[in-house]
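Numbering (this note's numbering), first residue to last: 67 to 276. C-beta atoms are modelled at their ideal positions from N, C-alpha and C, and glycine is treated no differently. These numbers were taken from a predicted model, which means no experiment stands behind them.
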Amino acid sequence: MSESSAPDTGWAAYREQSFGDPYLVWHDGPDFAEFRERFAAEPELATRMLREGIAEGDALAAQTPRELTLTDPQRAGFVEMLREALPAAPAGVRLEAGASLFALTGDPAWSAPVVDVLGSTVHWGVRIDAAIRLKAFPPTPELVAALARGARDLEYLVRYHSANTLLRWAGRTEEISDDQDLFRLLVDEAGPEGWAVAAGRLAAAVPLRL
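If you want it as structure tokens, here you go:
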């Protein structure tokens, strides 16, 4: 583990010490190993830093709790922290908070903020994260319908990742681009009619959890 952080370290510095360069974290995805070590060594400081990151609107801070090994009191504390943050949080924090709350509580009702972000008008880069995060949830009729709407979105990458999640729920492991019949219906040139056909076929293949 890197050298211990001073108590007055702010979230931005602590984040970079724990995860590395922000661009590389965005580009390659976060590696939680260093943060886990810091959390094990100084849980109060690490928790305070996550609270600060969430308050600053950093989605990574809302994602991190579900990547940690927690005691029951620690888990309860993070659940309270994330629940309190949800109402005023930006879209990225809301979707990661919903995913973390599901991981921490097992309650699939926490899909609601993730679905809200998927169907919103925020940047497509955030909405594809919502489509990806929904893979972890059980495929209820409401969630399948939300992903089917995502598979008809005007933004290609939202359609792509919504379709991928539906494909996973149908028990398939390949990418949607590997299924040429479905994929050709998702590209921009297929238009709304093609997107709707693909969405319908994908949704129909998912065994629902009622």
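Where does Ala217 fall in DSSP's three states?
As a first step, residue 217 must be located in the sequence shown, where it is residue number 151. Reduced to three states, the DSSP call for Ala217 is coil.
In chain order, what residues of the same chain have a beta carbon less than 7 angstroms from the beta carbon of Ala157, not counting five sequence neighbours either side?
Along the sequence shown, one-based indexing puts residue 157 at 91. Around Ala157: Val183, Ser186, Val188, Val192.
Is the beta carbon of Ala202 less than 8 angstroms from the beta carbon of Ala269?
Translated into the one-based positions of the sequence shown, residue 202 becomes position 136. Translated into the one-based positions of the sequence shown, residue 269 becomes position 203. No.
Inter-residue spacing [alpha-carbon to alpha-carbon] between Glu133 and Pro258:
Mapped onto the sequence shown, residue 133 falls at position 67. Mapped onto the sequence shown, residue 258 falls at position 192. Using only the alpha carbons, I get a separation of about 38 angstroms.
Near Leu251, what residues of its chain come up, given a Cβ to Cβ distance below 6 angstroms and the 5 sequence neighbours on each side ignored?
By one-based count along the sequence shown, residue 251 stands at place 185. The answer, listed in chain order, is Gly260, Val263, Ala264.
Suppose contacts are defined by Cβ-Cβ distances below 8 angstroms. Is Arg347 in contact with Ala165 by that definition?
Nothing about residue 347 can be reported from this structure: the residues present for the chain run from 67 to 276 only.
Beta-carbon proximity list for Ser68, same chain, < 7 angstroms, skipping 5 on both sides:
Numbered from 1 along the sequence shown, position 2 holds the residue referred to as residue 68. With a pLDDT of only 43 at Ser68, under the threshold of 50, the placement of this residue in the model should not be trusted; the figure read from the coordinates follows. The residues are Gln83, Glu100.
So what's Glu255 in DSSP terms, helix, strand or just coil?
Sequence index remark: in the sequence shown, residue 255 carries index 189 (1-based). Glu255: helix per DSSP, three-state reduction.
Could you give the DSSP three-state label for Glu110: helix, strand or coil?
Sequence index remark: in the sequence shown, residue 110 carries index 44 (1-based). Here Glu110 sits in helix by DSSP.
Among the residues of its own chain, which have a CB less than 7 angstroms from the CB of Ala196, if the five just before and after it don't count?
Here the question's residue 196 lines up with position 130 in the sequence shown. Around Ala196: Leu161, Val180, Val183, Leu184.
If you measure between the beta carbons of Pro205 and Trp176, is that distance less than 8 angstroms?
The residue given as residue 205 occupies position 139 in the sequence shown. The residue given as residue 176 occupies position 110 in the sequence shown. No, Cβ-Cβ distance for Pro205 and Trp176 is not below 8 angstroms.
Where does Tyr226 land, buried or exposed, given buried means 16+ other C-beta within 10 angstroms?
Taking the first residue of the sequence shown as position 1, residue 226 is located at position 160. Buried, by the Cβ-count rule.
Quick check: Asp124 and Trp77, are their CB atoms within less than 8 angstroms of each other?
Counted from its first residue, the sequence shown places residue 124 at position 58. Counted from its first residue, the sequence shown places residue 77 at position 11. Cβ atoms of Asp124 and Trp77: closer than 8 angstroms.
Is it true that the CB of Phe168 sits closer than 8 angstroms to the CB of Thr130?
Within the sequence shown, residue 130 is the residue found at index 64, counting from 1. Within the sequence shown, residue 168 is the residue found at index 102, counting from 1. No, Cβ-Cβ distance for Thr130 and Phe168 is not below 8 angstroms.
With distance defined between alpha-carbon atoms, name the residue in Glu240, Asp244, Thr239, Glu255 nearest to Arg218.
The sequence position of residue 218 within the sequence shown is 152, counting from 1. Answer by Cα proximity: Glu255.
Quick check: what's the CA-CA separation for Ala155 versus Asp244?
Indexing the sequence shown from 1 puts residue 155 at position 89. Indexing the sequence shown from 1 puts residue 244 at position 178. If you take the alpha carbons of Ala155 and Asp244, they lie about 36 angstroms apart.
Please name the residue, chosen from Leu274, Ala79, Arg104, that lies closest to Glu208 on a Cα-to-Cα basis.
In the sequence shown, the residue the question calls residue 208 occupies position 142. Glu208 has its Cα closest to that of Leu274, out of Leu274, Ala79, Arg104.
Between Arg267 and the rest of its own chain, which residues show a CB-CB distance below 6 angstroms, the 5 nearest in sequence each way excluded?
By one-based count along the sequence shown, residue 267 stands at place 201. Same-chain partners within the cutoff: there are none.
Leu116 classed as buried or exposed, judged by whether at least 16 other C-beta atoms fall within 10 angstroms:
Taking the sequence shown and counting its residues from 1, one reaches residue 116 at position 50. When all chains shown are included, Leu116 counts as buried.
Identify which residue in Pro88, Glu122, Phe144 has its Cα closest to the Cα of Phe105.
On the sequence shown, residue 105 is found 39 positions in, with the first residue counted as 1. Nearest of Pro88, Glu122, Phe144 to Phe105, Cα basis: Phe144.
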